[in-house]
Amino acid sequence: MNRPIRTTPAQSTAPGHRQRGFTLVELSITLLVIGLLLGAVAVGRDLQRSAANQRLSTDFVQGWQLAYEAYVNGVGRPPGDSATNPTGQINGGTAPAGTELCGNDMLNAFLAAGVRLPEGRTAGSADRYVYLDSNGNPQEVRVCFRSVDWAEPGAAVNTYATRPRNVMVLSSVTPSLASMLDQQIDGRNDARFGRFRDVSFANAIATTVGQTWPIDDRMAFGTTVATSLDESQVAVTTAYLQMMR
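Just so you know, the UniProt record's numbering puts 55 at position 55 of the sequence shown, and the rest follows in order with no gaps.
Printed below as a string of structure tokens:
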């Protein structure tokens, strides 16, 4: 009766053989490469998000600025204003004063005036635009128009007066997007001064140097408390962009 012959790898029976692991140098190089790859991924993600925010600014926000100017130039008054007794204010012919012009009412007003709408989220949703926050979660900014109380320099130095001004209302704006738009529009990151302001500081008439945006990317959606959860949606605010007319 033949018995099976058991064989082992040659090197395991070779005299003086040792099992060899990774050296500290090899482990260090491996960790370094992994770190570089993770850094490259993070940088690429930030660049992609910045590019997407830039497209939002150019195609959406500036697109609605041009649409508004085209409407006023063509009709001779702001959208929603009274044709028989114009006030120069958005929805000036409605009550109560300062009512927002939003949704289908806004879209139909522009379309009826022959104004081409910017490209928004999808067909029929030209007033909305989807983007990603700093945690990679989707957010949706929405455009409306209204007339609001607006703080402007008064008759004396360091004094401010309230005047009605027409603004574009941008809701669900993240801190990163607000800061980028503020830098592009006003050349500085200030939530109170300039044409681009946070909703809570639009009519701030107290004498102050400036004001930072009331939220930042560390805050979770719906709160003003810092969070360490990367999966949380980032907190959002509402911003006003003053129209030229």
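Beta carbons are placed, not taken as given, at the ideal position from N, Cα and C, and that holds for glycine.
Query	Result
DSSP has residue 168 in a bridge; who is on the other side?	145 and 241
Ordered along the chain, which non-local residues of its own chain (more than five positions away) have a Cβ less than 6 Å from that of residue 86?	77
What do you get for residue 223, buried or exposed, if any count of 16 or more other CB atoms within 10 angstroms of its CB means buried?	exposed
Hey, quick one: how far does the beta strand (DSSP E) through residue 198 stretch, first residue to last?	196 to 198
Have a look at 128, 173 and 203 and flag the residue whose alpha-carbon is nearest the alpha-carbon of residue 235.	173
How far does the alpha helix (DSSP H) with residue 130 in it reach, from first residue to last?	Segment 128 to 132 is the beta strand (DSSP E) holding residue 130; no alpha helix (DSSP H) there.
Provide the residue span of the alpha helix (DSSP H) that contains residue 157, from first to last.	Looking at the DSSP string, residue 157 is not in any alpha helix (DSSP H), and its letter there is neither H nor E.
Check whether the Cβ atoms of residue 168 and residue 240 sit closer than 9 Å, and answer yes or no.	yes
Going by C-alpha distance, which of 56, 145, 134 and 92 is nearest residue 120?	56
Pull up the distance between the alpha-carbon of residue 135 and that of residue 111, whole angstroms please.	36 Å
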